[in-house]
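K.L.:
This note's numbering puts the sequence shown at residues 7 to 311. We treat Cβ as the ideally placed atom computed from N, Cα and C, and that holds for glycine. None of the values given here were measured: they were computed from a predicted structure. Before we start, here is the structure in question, set down as structure tokens.
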Amino acid sequence: MGEFKLTTVEEFEAGTNRLLETGAKVGADAWQFRVKNQTPHCKFGEQGICCRICSMGPCRITPKAPRGICGCDAHGIVARNYLKFTAGGSATHSDHGRSICHTLYCAAPDGNYKVKDPEKLIRIAKEWGVETEGKDIYDLAHEVAYMGLSEYGKVFGTQNFLKRAPKHTQEIWEREEIAPRAIDREVSCSLHMTHMGCSSKPEALIRQSFRSGLSDGWGGSMAGTEFSDVLFGTPKPIDTEANLGVMNAENVNIVVHGHDPALSEMICEYADSPEMIAYAKEQGAKGITVSGVCCTSNEVAMRRG
Ligand code: SF4
Numbered sequence: 007m008g009e010f011k012l013t014t015v016e017e018f019e020a021g022t023n024r025l026l027e028t029g030a031k032v033g034a035d036a037w038q039f040r041v042k043n044q045t046p047h048c049k050f051g052e053q054g055i056c057c058r059i060c061s062m063g064p065c066r067i068t069p070k071a072p073r074g075i076c077g078c079d080a081h082g083i084v085a086r087n088y089l090k091f092t093a094g095g096s097a098t099h100s101d102h103g104r105s106i107c108h109t110l111y112c113a114a115p116d117g118n119y120k121v122k123d124p125e126k127l128i129r130i131a132k133e134w135g136v137e138t139e140g141k142d143i144y145d146l147a148h149e150v151a152y153m154g155l156s157e158y159g160k161v162f163g164t165q166n167f168l169k170r171a172p173k174h175t176q177e178i179w180e181r182e183e184i185a186p187r188a189i190d191r192e193v194s195c196s197l198h199m200t201h202m203g204c205s206s207k208p209e210a211l212i213r214q215s216f217r218s219g220l221s222d223g224w225g226g227s228m229a230g231t232e233f234s235d236v237l238f239g240t241p242k243p244i245d246t247e248a249n250l251g252v253m254n255a256e257n258v259n260i261v262v263h264g265h266d267p268a269l270s271e272m273i274c275e276y277a278d279s280p281e282m283i284a285y286a287k288e289q290g291a292k293g294i295t296v297s298g299v300c301c302t303s304n305e306v307a308m309r310r311g
């Protein structure tokens, strides 16, 4: 790594424009071209006042038609759309956390996935009331991972990680009845409430969107973050490089993408192995460069640079 240099927005934009020009020459599509074909956007969709929940619709709210066929008004339609977005986001990021819990459950000392931060695992186990004394670290990992997986469908009670929040915040969640229960239950409850003929009360719908969002932030996503550290190591400040220049024309370039680091970490492991580097050289390359896009790029960069 050379001297530290911060890339400016202008440099990012210049790099992107060069990429678009090169891409256009070979007929590559990009969002910058697609967005032009989609504008102007539908005003009803933009304002969230279009409902497609049931087959009597779609219904659109206008001054002449202030309610959908079922009687739901603009506030109910906007709130239902908002809750559906929230449930989709919670499902997405929490499912990533579930996959990480499952990976930890499968971790083994002689397997591909190992426990790299045992201290953190012990800290979480103690926080969750699990006996740690004299336990094999992999037995403990499996026990805690099983508990993590159980948070998704827990029968009674609320999320374990909520206790990390300041006391007064926990009291607000309890008082407002938005402390999240099982993660999957909150997603399911959101889809139930937004279904035709169920809730059209905006206050109730927005309250459920808080609870569903919290089930992700203080449940699934938190499990994903914590157990990723246990599996792949807790990140520390590290130098890294960004922008398209990270790719090396003389190397095999692999770009990881997605939001679950379980696969990208293995790609990095194998890209670093002498066997794979020798194979890349045999094929005429000088080495292997792994770079990334989006969340997985961040996961890899913050642990490996
Ligand atoms: S749920 Fe109501 S507002 Fe939505 S499409 Fe059906 S009838 Fe129209």
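Contact defined as beta carbons within less than 8 Å: I believe glycine 298 pairs with alanine 307. What is the distance between those atoms, to the nearest angstrom?
P.N.:
Indeed they touch by this definition, with Cβ atoms about 7 Å apart.
K.L.:
To the nearest angstrom, how far is the alpha carbon of methionine 269 from that of glutamate 305?
P.N.:
According to the sequence as given, residue 269 is leucine; it is not methionine. The straight-line gap from Cα to Cα measures roughly 11 Å.
K.L.:
With hydrogens ignored, establish whether the beta-carbon of glycine 63 is closer than 6 Å to any heavy atom of the ligand SF4.
P.N.:
Yes; taking the cut-off as 6 Å, the Cβ of glycine 63 has a heavy atom of the ligand SF4 nearer than that.
K.L.:
Taking C-alpha atoms, which residue in Phe91, Cys56, Ala85 lies nearest to glycine 74?
P.N.:
Nearest option by C-alpha distance: Cys56.
K.L.:
Apart from the five residues just before and just after arginine 310, which ones in its own chain have a Cβ nearer than 7 Å to its Cβ?
P.N.:
Around arginine 310: Cys274.
K.L.:
For a quick check, are the C-beta atoms of valine 258 and alanine 291 less than 7 Å apart?
P.N.:
Contact: yes.
K.L.:
Are the CB atoms of histidine 263 and threonine 231 within a distance shorter than 7 Å?
P.N.:
No, the pair does not count as a contact, with Cβ atoms beyond the cut-off.
K.L.:
Straight-line CA distance for glutamate 288 to glutamate 247?
P.N.:
Answer to the nearest angstrom: the Cα atoms are 27 Å apart.
K.L.:
In this structure, does DSSP put aspartate 116 in helix, strand or coil?
P.N.:
Coil.
K.L.:
To the nearest angstrom, how far is it from the Cα of alanine 277 to the Cα of aspartate 116?
P.N.:
Rounded to whole angstroms, alanine 277 to aspartate 116 spans 19 Å at the Cα level.
K.L.:
With a CB to CB cut of under 6 Å and the five nearest residues on each side skipped, what residues in its chain are close to glutamate 271?
P.N.:
The residues are Phe238.
K.L.:
For a test of the three-state rule: what should DSSP assign to asparagine 257, helix, strand or coil?
P.N.:
Correct three-state label for asparagine 257: coil.
K.L.:
Please list, in chain order, all residues of the same chain as leucine 146 whose beta carbon is under 8 Å from its beta carbon, the five residues on each side excluded.
P.N.:
Cβ neighbours of leucine 146 beyond the five flanking positions: Leu127, Ile128, Ala131, Val136, Thr138.
K.L.:
Could you spell out where the alpha helix (DSSP H) holding glycine 33 opens and where it closes?
P.N.:
Counting along the chain, glycine 33 falls outside any alpha helix (DSSP H), and DSSP gives it neither H nor E.
K.L.:
Give me, in chain order, the residues of the same chain whose beta-carbon lies closer than 7 Å to that of phenylalanine 18; leave out the 5 immediate sequence neighbours on both sides.
P.N.:
Closer than 7 Å at Cβ, skipping near neighbours: Asn249.
K.L.:
Beta carbon of glutamate 183, beta carbon of serine 218: below 7 Å?
P.N.:
Their beta carbons are not under 7 Å apart, which means glutamate 183 does not touch serine 218 by this criterion.
K.L.:
For glutamate 52, does the count of other Cβ atoms within 10 angstroms reach 16, so buried, or fall short, so exposed?
P.N.:
Counting Cβ neighbours within 10 Å, glutamate 52 comes out exposed, since fewer than 16 surround it.
K.L.:
Tell me whether the segment 143-162 and the segment 103-116 touch, counting them as touching only if at least three CB pairs, one residue from each stretch, are closer than 8 Å.
P.N.:
Yes, they touch.
K.L.:
Give a yes or no on whether the C-beta atoms belonging to serine 221 and serine 96 are separated by under 7 Å.
P.N.:
Yes.
K.L.:
Examine the ligand SF4 and report whether any of its heavy atoms sits within less than 6 Å of the Cβ of methionine 202.
P.N.:
Methionine 202: yes, Cβ under 6 Å from the ligand SF4.
K.L.:
Should the segment 110-125 be called in touch with the segment 186-205, which here means at least 3 C-beta pairs below 8 Å?
P.N.:
No: the two stretches stay apart, fewer than three of their Cβ pairs being nearer than 8 Å.
K.L.:
Kindly list the residues whose CB is nearer than 7 Å to the CB of methionine 202, restricted to its own chain and excluding five residues on each side of it in sequence; keep chain order.
P.N.:
Excluding residues within five positions, the ones whose Cβ falls inside 7 Å are Ile59, Cys60, Cys76.
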